[in-house]
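I have placed the structure first, in the form of structure tokens, so that the comments after it can refer back to it.
Numbering (full-length UniProt numbering), first residue to last: 1 to 172.
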């Protein structure tokens, strides 16, 4: 199971409901928007592993509302194995909370609505692996960024610059 892929990007056999998606109220606008690689702040800024920080690809669709493309940890007591697991539900529009205020926002590109919709399509093709203690949201996002380069949504340099900044986002 080291590198086995979870069926349906982890959604198969999950229990409970998926996260709330506010896209019905805050539509992705038909205009160019900055797309960011978001690195969530560590809970303890003095002691943390950079590999443990959560990454997502996001853009602000309305003031205080962000479209987020990322995998999430899903843990429920009534869920069959693997539990916990990573799940890609779909791109979700969420209200910004304190974690967004504290996060590092690294601009990757300014993209059209069509390009952002293509990102969402590509994300549906990125595999989610069984939990193994090494693979995580950062690996998933690197795969997505690589697919964006292949699809010519961003350049190799934009991807590499974003990854360099993300990997050192909270270095002292």
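We put the CB at the ideal spot given by N, CA and C, even for glycine. Predicted model only: the values in this text are computed from it and were never measured.
Residue 109 (DSSP reduced to helix, strand or coil): strand
Anticipated Cβ contact below 8 Å, residue 59 with residue 66, distance rounded: 7 Å
Test item: CB-CB of residue 33 and residue 144 under 8 Å: no
Helix, strand or coil at residue 34 according to DSSP, with G and I counted as helix: strand
Residue 38 beta carbon less than 8 Å from that of residue 95: no
Through-space distance from residue 99 to residue 15, alpha-carbon basis: 26 Å
Spatial distance of residue 5 from residue 52 (CA atoms): 21 Å
Sufficient close CB pairs (3 or more, under 8 Å) joining the region 41-49 to the region 125-141: no
8 Å contact criterion, which residue 113 and residue 30 should meet: CB distance rounded: 5 Å
Contact set for residue 129: own chain, Cβ-Cβ below 7 Å, skip 5 residues either direction: 3, 4, 5, 6, 135
Where the beta strand (DSSP E) through residue 58 begins and ends: 55-62
In DSSP terms, what residue 119 is bridged to: Partner(s): none; residue 119 has no beta bridge.
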